[in-house]
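Heads up: the structure comes next, in structure tokens.
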Amino acid sequence: MVGAAAPGVVVVASCVMSGPVPRRAPGGGRAPSADDGTGAGTQHEGGSAGEIGRCPIRWSGGGRVLYGEHLERRCSRSMPLPRLAHCSQEAGLEQAAVRADAAAQSFRDAVALLMDDVDELVARTVENGDEQRPPYAIVPRSAIEASVRMNLETVRNSLLAGSPVVDDRDVEALTIRVDERLGQGLAVEDGIQGWRKSISVIQERFLEIASEHGVDAVAELNAVRVLWQLSDLMTNQMAALFRSRQLTGALRRSQMRAEFLEKVLAGGLPVSEVHSRAAELGLDTTTDYLTVKAGTTQGASVESLRRRLESRGSDLVVVADGYCFGLLSGAVGVLGPEDVVALGPAAPLPEVAASFELAQRIYDWMGRHGVRGRRRIEDIGWRLAVDWDEAVTSLLVRRYRAPLEPMGEFGTLIWRSIRAYVDADKNVARAAEALVVHRNTLRYRLARFTEITGANLDSAETWLEVAWALAADPDEPT
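Per our numbering, the sequence shown starts with residue 1, numbered consecutively.
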């Protein structure tokens, strides 16, 4: 205990010391003591025994301060006040350091015990997964145990470092796990939820161990903070990996779809392979399929059209070079005004090549004539042959259209009148109304056409040939 003193007066303090009580020799010197060999205990000059107190200080024979556990023993000493305060401060710092070392060791011991508790953590993780996320039940227990062990390694490194530690090995291990989970059929949200649940189980168990082994509250709170940060960091990493893998998987699947369609629509696959690959892609191998080739006017979305066409799970349509093509298991739904859709007849999957060839011809015909909407062979009929048989088309155009060209504008009027007459099924009244001319004017033009070309419009054969030539005219309205 330190007392007040006038200037120049020595302050006497008492403390509990280790070692025997030092004695004062006559004349102010130090008397020998039983433990002089150890140097424990001394009586400072300038005072006699004072009050009895406690002090975490042990003195050596040479006046040097030693630190350590303080043991019960009475002694008295005297020293100037500043010196006493300094010694007390040093002793307090040493005590704090000892306590900090002990706390750190307790924390490390708790982490080590956590690492030895794999079986309990696996059991809790499996139980938690079954209750909270049924999709995760498809993951084998051995895979869950391997994941828990890897998670524990990351948790241990982070707890001991006092901050999240994720190195290249952790990322590599996480990448492998993501690939495994995707292969096991887990969705992104299930994989991320599984990781968070695993870390939650580990955190819960660590706090139990820490409480049992006297880890102080500050260290526990810091551990929780580190695990939260680690969970967020790894969740972001996992989400990025899942997205990357899903994108890669989607691209691979898209390539498989396109490759299958190109081969099956070209007739380049054996029947057995058609069925096996079609089933792998989700097609119904027992039904007949329509073939389709479709596009849009400039500026419209071909991908949007593809999605509208692929309205059933058993449909398969892909985009290539500004148009889409594929197989449809049913009728086409609602189309936009800008859509151009050509359909081939329904056929079994191994026989769709001929159907698709016809769909391509219909699509080309629609493009040449500016036709929109959906068309099948039933909608076009013989007109499809006009563009296909160039020899016949060229002959009929020379016979019925070419003779009118030298007549200039009047020849064009005659040709338009013939078109209106054919479209009206040879009804003069309706054709004249469509042309906004008098009926006699139309009759005159028809007569001139017969005179110039020699065509007999009452003949069925001539009628068909004229209609063919009209269909071949690039100026034909849609």
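Glycine included, C-beta positions come from ideal geometry on N, C-alpha and C.
Three-state secondary structure assigned by DSSP to residue i
| i | result |
| --- | --- |
| Ser-339 | Strictly speaking, residue 339 in this sequence is Asp, with Ser absent from that position. Here Asp-339 sits in strand by DSSP. |
| Val-126 | helix |
| Ser-211 | helix |
| Val-317 | strand |
| Gly-454 | coil |
| Ala-347 | strand |
| Arg-307 | helix |
| Ser-142 | helix |
| Val-302 | helix |
| Asp-473 | coil |
| Gly-41 | Note on Gly-41: pLDDT 43, under 50, position unreliable in the model; the coordinate value appears next. Three-state result, Gly-41: coil. |
| Val-264 | helix |
| Val-332 | coil |
| Val-218 | helix |
| Val-148 | helix |
| Arg-196 | helix |
| Arg-312 | coil |
| Val-178 | helix |
| Arg-108 | helix |
| Gly-411 | helix |
| Arg-445 | helix |
| Asp-379 | helix |
Rounded C-alpha distance that separates residue i from residue j
| i | j | result |
| --- | --- | --- |
| Leu-395 | Ser-254 | 46 Å |
| Ile-362 | Ser-272 | 30 Å |
| Asp-284 | Ser-147 | 38 Å |
| Glu-451 | Pro-403 | 11 Å |
| Arg-401 | Ser-459 | 18 Å |
| Arg-372 | Asp-364 | 12 Å |
| Leu-227 | Gln-95 | 30 Å |
| Leu-230 | Pro-140 | 25 Å |
| Ala-102 | Glu-189 | 42 Å |
| Phe-107 | Glu-145 | 25 Å |
| Val-171 | Val-165 | 11 Å |
| Val-436 | Ala-320 | 46 Å |
| Asp-109 | Ile-209 | 9 Å |
| Ser-48 | Gln-105 | Note that Ser-48 scores a pLDDT of 38, beneath 50, so its modelled location is shaky; the value from the coordinates is reported in the next line. Cα-Cα distance, rounded: 44 Å. |
| Ser-311 | Val-302 | 15 Å |
| Phe-242 | Val-392 | 60 Å |
| Asp-339 | Arg-376 | 14 Å |
| Glu-378 | Thr-286 | 25 Å |
| Ala-279 | Arg-169 | 39 Å |
| Leu-251 | Val-352 | 25 Å |
| Pro-348 | His-369 | 31 Å |
| Arg-99 | Glu-220 | 16 Å |
| Thr-235 | Asp-119 | 24 Å |
| Leu-121 | Ala-217 | 23 Å |
| Thr-175 | Arg-124 | 24 Å |
| Arg-156 | Leu-233 | 15 Å |
| Phe-449 | Ser-417 | 9 Å |
Residue range of the unbroken beta strand (DSSP E) whose run includes residue i
| i | result |
| --- | --- |
| Val-165 | No beta strand (DSSP E) contains Val-165, which DSSP labels as neither H nor E. |
| Thr-286 | Run containing Thr-286: none; DSSP gives neither H nor E here. |
| Ala-424 | Counting along the chain, Ala-424 falls outside any beta strand (DSSP E), and DSSP gives it neither H nor E. |
Spatially closest choice to residue i from the options, by CA coordinates
| i | options | result |
| --- | --- | --- |
| Val-397 | Ala-359, Ala-455, Thr-441 and Pro-348 | Ala-455 |
| Leu-152 | Asn-236, His-438 and Trp-195 | Trp-195 |
| Asp-315 | Ala-429, Ala-331 and Asp-117 | Ala-331 |
| Lys-293 | Ala-173, Gly-313, His-275 and Leu-328 | Leu-328 |
| Pro-270 | Pro-350, Gln-298, Asp-232 and Ala-239 | Pro-350 |
| Asp-116 | Val-218, Ala-143, Arg-149 and Leu-305 | Arg-149 |
| Arg-419 | Arg-439, Gly-299 and Ala-469 | Ala-469 |
| Glu-259 | Phe-206, Arg-306 and Val-318 | Val-318 |
| Ala-112 | Leu-174, Val-166 and Leu-207 | Leu-207 |
| Ser-200 | His-275, Glu-127, Arg-252 and Ala-346 | Glu-127 |
| Ser-211 | Leu-114, Ala-385 and Met-407 | Leu-114 |
| Arg-277 | Met-256, Thr-291, Thr-287 and Leu-290 | Met-256 |
| Gly-381 | Ala-467, Ala-429 and Thr-453 | Ala-467 |
| Trp-415 | Tyr-444, Trp-388 and Thr-175 | Tyr-444 |
| Gly-162 | Val-224, Gln-203, Glu-405 and Arg-124 | Val-224 |
| Ser-198 | Asp-167, Ala-143, His-213 and Ala-240 | Ala-143 |
| Gly-313 | Ala-300, Gly-282, Asp-387 and Arg-430 | Gly-282 |
| Gln-237 | His-213, Glu-262, Val-264 and Ile-192 | Ile-192 |
| Trp-463 | Ala-429, Asp-425, His-438 and Val-274 | Asp-425 |
| Asp-423 | Ala-471, Glu-461 and Phe-325 | Ala-471 |
Residue(s) in a DSSP beta bridge with residue i
| i | result |
| --- | --- |
| Thr-485 | This structure cannot settle anything about residue 485, because the visible part of the chain is limited to 1 through 478. |
| Lys-293 | Phe-325 and Ala-342 |
Terminal residues of the alpha helix (DSSP H) in which residue i lies
| i | result |
| --- | --- |
| Arg-383 | 383-388 |
| Gly-367 | 352-369 |
| Arg-372 | Per DSSP, Arg-372 belongs to no alpha helix (DSSP H) and is neither H nor E. |
| Ser-272 | 271-280 |
Residue i Cβ short of 8 Å to the ligand PLP heavy atom set
| i | result |
| --- | --- |
| Leu-349 | Absence of the ligand PLP is noted for the structure shown, with no ligands found whatsoever. |
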